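A.B. asks: Below is the structure I would like to discuss, written out as structure tokens.
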Amino acid sequence: MYTRRFTASSTFVCYSVMEDSDGAIWVTGSENGEAVVIKVDADGNFENCTNDPIQGITSPTTFVETPFTWTREDVYTFNNIAFTPTVRDITFQIDSLCKAPTCGAIELTGPQAICNLADSATYVASKTGMCATNLQWTLPAGTSSRMVNDSTVRLLFSAAGTYMIIAENNIACSVLRDTITVTVAPSPRSINLGNDTLICSANALSLDAGAVFARYVWQNNSTGQTLTVNASGTYYVTAWNLCNEQFSDTIVVNYRQPSDFTVTPQDTAYCVALGPIQFLASGGHTYQWTPATYLNDPQIANPVGTPTASIQYLVTITDTVCHISRDLPVNVTVTPSPRSINLGNDTLLCNAGTLVLDAGAGFTRYQWQNNSTAQTLSVSTSGTYYVSAWNNCNEEFTDTIVVSYRLPADFTVTPMDTTYCTPLAPIQFTATGGHLYQWTPATYLNDPQISNPVGMPTSSINYTVTITDTVCNRTQDLTVRVAVTPSPALNLGNDTLLCNASTLVLDAGAGFARYQWQDNSTAQTLSVNTPGTYYVRAWNNCNEESTDTIVVSYRLPTDFAVTPMDTTYCTPLAPIQFTATGGHLYQWTPATYLNNAQISNPVGMPTSSINYTVTITDTVCNRTQDLTVRVAVTPSPALNLGNDTVLCNAGVLVLDAGAGFTRYQWQDNSTSQTHTLSTAGTYYVNAWNSCNEEVSDTVQVSYRLPDFSVTPLDTAYCTATDPIRFSASGGHLYRWSPSTYLNNAQISNPVGTPDASILYNVTITDTVCNRTRDLSVNITVNQAPDLVLSKSNDITCSVAVTQLLVTGASRYEWIPDASLSALNIPNPVAKPDRTTTYMVRGFSDLGCETLDSITVNFEKIGISTIQLPSAFTPNGDGRNDIFRVIAPPSVEVKEFLIFNRWGELIFTSNNAAKGWNGTYKGAMQEAGAYYWFVKAVSPCGGDLFKKGNVILIR
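Structure below.
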């Protein structure tokens, strides 16, 4: 691309001057050796200057219009006259007239390869500078185009070939241009190698991926269009077209050879009676087995045979595709064979005999538990013996036998000789080794003819048990000696109490084999002289253990006691609990003030000092002792600070706790009998009497000052508001005047409902301090606004909104409702979906308010539906540019969707007022049919669903 801007010093050589049909003048020539074309329009404006080679031009072929205009000057006047072509020098001073800036480059982008004539291609020309002119496009023939915008064009190619697209920007005396070459080569959209193929013998097969692809890759990395194969396998190819789209296909090739024919089993040995033989032939399509003897079906590939004698089969396998047949033989040898082993039942041998175990003849091999391999095995010891044997078909069979040996030494009896101490648990006798048992004598036994009788002998005895082995015909007598020894009893006696410091001898009793006391001494007796718990363990001749325990207590004269001993008692107090211990009998003298004088723990309530004597008698040790209790009774003073007190003004009060206490403590830790105060508060004192008993008292002291008040003070109220609650304080008597509008004029807190301004006076009297004061309250009553409400109409299915109006106040607040357009204006628009009552508050300038309401009725009459046009023309002329839903205000659009012909969602909205302008992602869409879907809801008709199509017209 060549561009140039003329300067004032440039020299132009004119070759020809021509007049166009529109009155424009075309001038061709050269400047500084380069060809130039200049056009001046009929108005004398210098429109364009392009630097292109000019050769024999008689009239211009093309030119590019620029958006700027050059002002006409007299120096550029051309006379429209005929002249003879000549060469003359013309100097143009046009530098001052070229107002357009110098621009950067143009870059044209878009696909350079098209592989499908049905695919449209978008090309974009971008400018790198700030240029004031529009782009001019030169599009090739054989294409249909649509300008998306100044810099974007969308093309659809009609045939294969090579096309050039040009985009230009003419600025003053410069031309910016870029080109792009597009190759259109329709390409197949798939590869087909054909169906999977079977080839007979070793013929070659040529696989063809198809022409027009740019490149190919087969599974062996070869890159040709075709591949020759001569072996079985899976073959695949991947191919890419000019647009680098990838396609692939796979084919399975099988080669059929005569060696593919097989049969199983081939030659086999068959032992009767085994299960059926499963034959299987393969490689063909038809099968014939001969002979058919013992077969369930001789004309299938997999017959089942049950031969009882040796036989040879011949199977003829035929391949009906490659027309190949082959005969294969199968030899079956049937051999009779034993089917089990029997070593016999488990055996018992007497003394040291020998036993021969025989697994039986007819097996090919044997294996015993000791790995010997003969048919027989000789055994002479007890044990478990087993053998495995295999027949001609290699089937394995096994058997096991247990061999036991019986010896005379097997006869036993337990217990043999034993010592038995009465009374003990029964003796369990047990004899073994035989089948019959006889115990003699039968004395003390529960059964003398069983192997395990139970005996309870009370004296020594010898038993003889005769054991008989009925298998080996043997008998043996065994003797059991039982020595019965009586066992002594262990008794230390009852728990004992000893008076004074005597000694006690504890005796565990004779007849035990050994003893052990708690101090580990081992004698039969133990001497004790201190209180405590004593125990002994003793073992008899049978080593059986016995135990006993005894508690020994000692009683001393010093155990006599009484509480309390000497005490001081202040009246009035709680009763005195006396307690005497150490004896069995008690006598209190005198009995005065006691609840019971003959018990250990009487309760006394003495009102004067007294001495008690308690006589304590120990009836076990025959001892008596007198103990004395001295009780000193002292009267206790009362503590009383008086009632709670009110002091008028700043008086002084002296609090007196009273005399007779040993000590005092006031709330401020002072310790005198009296306390002087001059401030209000809570005062308390603690005092202790001579018994150290604590008493306390509290008094509340209040100071009353002239503290008269009334609420509210002077205030303004609105009519029709809540009643006014007055409150006066500081006295005991109250009188309000006048009593107008008050519910009670002689209480501190009357309720007033004035509907006009008024001045109240309240007289407050303090009857304690004899004080009186008058206070006044000025009430100003302002009038509340008088509201007037109206509506433009009620709601129907076809009339969805109404205009509300309220007057009579300065400011308004509607109770919030979603169907109102605004809440703080006098005339909101309402859009209810049911009969609705709207409430509004009106406020005066003084802040008084009135609450009022109006009801808008909803009637289900009229039509409620949605409509959409069948076509629209989004060309920017302001007429039918937007495709939108047409619906009455009562219908609410929930979803409005538009799809293109490929099912792509290109527009969505939930606003009936918002429609589609024919663009998607900023680009104008092609003319044609588009599909829409609308979901809406109506208070009259419920959910509304509608769908259809619209035609976009360009």
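Using this note's numbering, read the sequence shown as starting at 376 and increasing by one per residue.
Glycine included, C-beta positions come from ideal geometry on N, C-alpha and C.
Just so you know, these numbers come straight off a predicted model, no measurement behind them.
Where does D694 sit, in a helix, a strand or coil, going by DSSP?
C.D. replies: Reduced to three states, the DSSP call for D694 is strand.
A.B. asks: Over the uninterrupted beta strand (DSSP E) stretch that includes T1090, give me the two end residues.
C.D. replies: It spans T1090 to C1093 - the beta strand (DSSP E) in which T1090 sits, taken as one unbroken run.
A.B. asks: Confirm, please, whether the CB-CB distance from V705 to Y688 is below 8 Å.
C.D. replies: In this structure, V705 lies closer than 8 Å to Y688 by Cβ.
A.B. asks: So, helix, strand or coil for D882, using DSSP?
C.D. replies: In the structure shown, D882 sits in a strand (DSSP, three-state: E or B).
A.B. asks: Tell me which residues share the same chain as R1209 and place their Cβ nearer than 6 Å to its Cβ, disregarding the 5 neighbours each side in the sequence.
C.D. replies: F1233, listed in sequence order.
A.B. asks: Assign A888 to buried or exposed, taking buried as 16 or more other Cβ atoms, counted over all protein chains shown, within 10 Å of its Cβ.
C.D. replies: Classification for A888: exposed.
A.B. asks: Are L732 and L718 touching if we call contact CB-CB under 8 Å?
C.D. replies: In contact: L732 and L718 (Cβ atoms closer than 8 Å).
A.B. asks: Considering I1229, what are the terminal residues of the beta strand (DSSP E) in which it resides?
C.D. replies: It spans E1224 to V1231 - the beta strand (DSSP E) in which I1229 sits, taken as one unbroken run.
A.B. asks: For P563, which of E620, L551, T1211 and Q1000 has the nearest alpha-carbon?
C.D. replies: It is E620.
A.B. asks: On a CA-only basis, which of G1183, S1104, A1103 and A1120 is nearest W1111? Give me that one, please.
C.D. replies: Closest by alpha carbon: A1120.
A.B. asks: Can you tell me which of T558, I566, N570 and G485 puts its alpha carbon nearest to the alpha carbon of V528?
C.D. replies: V528 has its Cα closest to that of G485, out of T558, I566, N570 and G485.
A.B. asks: Buried or exposed: which applies to F1320, given that a residue is buried once 16 or more other Cβ atoms fall within 10 Å of its Cβ?
C.D. replies: Exposed, because fewer than 16 other Cβ atoms sit within 10 Å of the Cβ of F1320.
A.B. asks: Just reading off the beta strand (DSSP E) that C575 is part of, what are its end residues?
C.D. replies: That run of the beta strand (DSSP E) goes T572 to C575.
A.B. asks: Determine the direct distance from the alpha carbon of L782 to that of T750, and round the result to whole angstroms.
C.D. replies: A small fix is needed here, since residue 750 is Gln in this sequence, not Thr. Whole-angstrom Cα-Cα distance: 29 Å.
A.B. asks: Pull up the DSSP beta-bridge partners for H1050, would you.
C.D. replies: Answer is L1030, bridged to H1050.
A.B. asks: Where does D583 sit, in a helix, a strand or coil, going by DSSP?
C.D. replies: It is a strand residue.
A.B. asks: Since A542 sits in a beta bridge, which residues does DSSP pair it with?
C.D. replies: Bridge partners of A542: W512 and D553.
A.B. asks: Could you give the distance in angstroms between the alpha-carbon of R1334 and the alpha-carbon of T1177?
C.D. replies: Past the edges of the chain, shown from 376 to 1329, lies residue 1334, and the structure says nothing about it.
A.B. asks: To the nearest whole angstrom, what separates the beta carbons of A885 and A913, a pair I think is in contact under 8 Å?
C.D. replies: Not a contact, Cβ separation roughly 10 Å.
A.B. asks: Rounded to the nearest angstrom, how far is the Cβ of I1336 from that of Y662, given a contact under 8 Å?
C.D. replies: Residue 1336 is absent from the structure shown; the chain starts at 376 and stops at 1329.
A.B. asks: Work out the CA separation of T1090 and A1131 for me, nearest whole Å.
C.D. replies: Their backbone Cα atoms lie some 13 Å apart in a straight line.
A.B. asks: Which residues in the same chain as F935 place their Cβ atom closer than 6 Å to its Cβ, once the five residues preceding and following it in sequence are excluded?
C.D. replies: Around F935: G957, I991 and Q1000.
A.B. asks: Between A1263 and C1223, is the Cβ-Cβ spacing less than 8 Å?
C.D. replies: A small correction: the amino acid at residue 1263 is Pro; Ala does not occupy that position in the sequence shown. Not in contact: P1263 and C1223 (Cβ atoms no closer than 8 Å).
A.B. asks: Take T609 and list the residues in its own chain whose beta-carbon comes closer than 7 Å to its own, dropping the five residues that flank it on each side.
C.D. replies: Cβ within range, chain order: T625 and V627.
A.B. asks: Going by other Cβ atoms of all chains shown within 10 Å of its Cβ, with 16 needed for buried, is K1322 buried or exposed?
C.D. replies: K1322 should be labelled exposed.
A.B. asks: Is there contact here, the region 970-983 with the region 910-928, by at least three beta-carbon pairs under 8 Å?
C.D. replies: They do not touch, by the three-pair rule.
A.B. asks: Which value, in whole angstroms, describes the spacing of the CA atoms of S921 and T988?
C.D. replies: Their Cα atoms are separated by approximately 51 Å.
A.B. asks: Which residue's Cα is closest to the Cα of G1127: P1113, T1140 and P823?
C.D. replies: Closest option to G1127, Cα to Cα, is P1113.
A.B. asks: Considering just the uninterrupted stretch of the beta strand (DSSP E) at N837, what are its terminal residues?
C.D. replies: Here the beta strand (DSSP E) through N837 covers I836 to D844.
A.B. asks: Which residues in the same chain as Y538 place their Cβ atom closer than 6 Å to its Cβ, once the five residues preceding and following it in sequence are excluded?
C.D. replies: The residues are P515 and V557.
A.B. asks: Identify which residue in L1014, T1046 and D1019 has its Cα closest to the Cα of A1032.
C.D. replies: Ranking the options by Cα distance to A1032, first place goes to L1014.
A.B. asks: Tell me which same chain residues have a C-beta within less than 6 Å of the C-beta of E440, skipping the five on either side of it?
C.D. replies: No answer about E440 holds up, because its pLDDT of 33 lies below 50 and its placement is not dependable.
A.B. asks: Three-state secondary structure (DSSP) at D635?
C.D. replies: Of the three classes helix, strand and coil, the one that applies to D635 here is helix, per DSSP.
A.B. asks: In its own chain, which residues sit with a C-beta less than 6 Å from the C-beta of T518, not counting the 5 before and 5 after it?
C.D. replies: Only L530 and F532 meet the Cβ criterion.
A.B. asks: Should Q1158 and T1094 be called a contact, given that it needs their Cβ atoms to be closer than 8 Å?
C.D. replies: Cβ distance < 8 Å, so Q1158 and T1094 count as in contact.
A.B. asks: With 16 as the cutoff for other CB atoms within 10 Å, does M791 come out buried or exposed?
C.D. replies: Per the 10 Å Cβ criterion, exposed.
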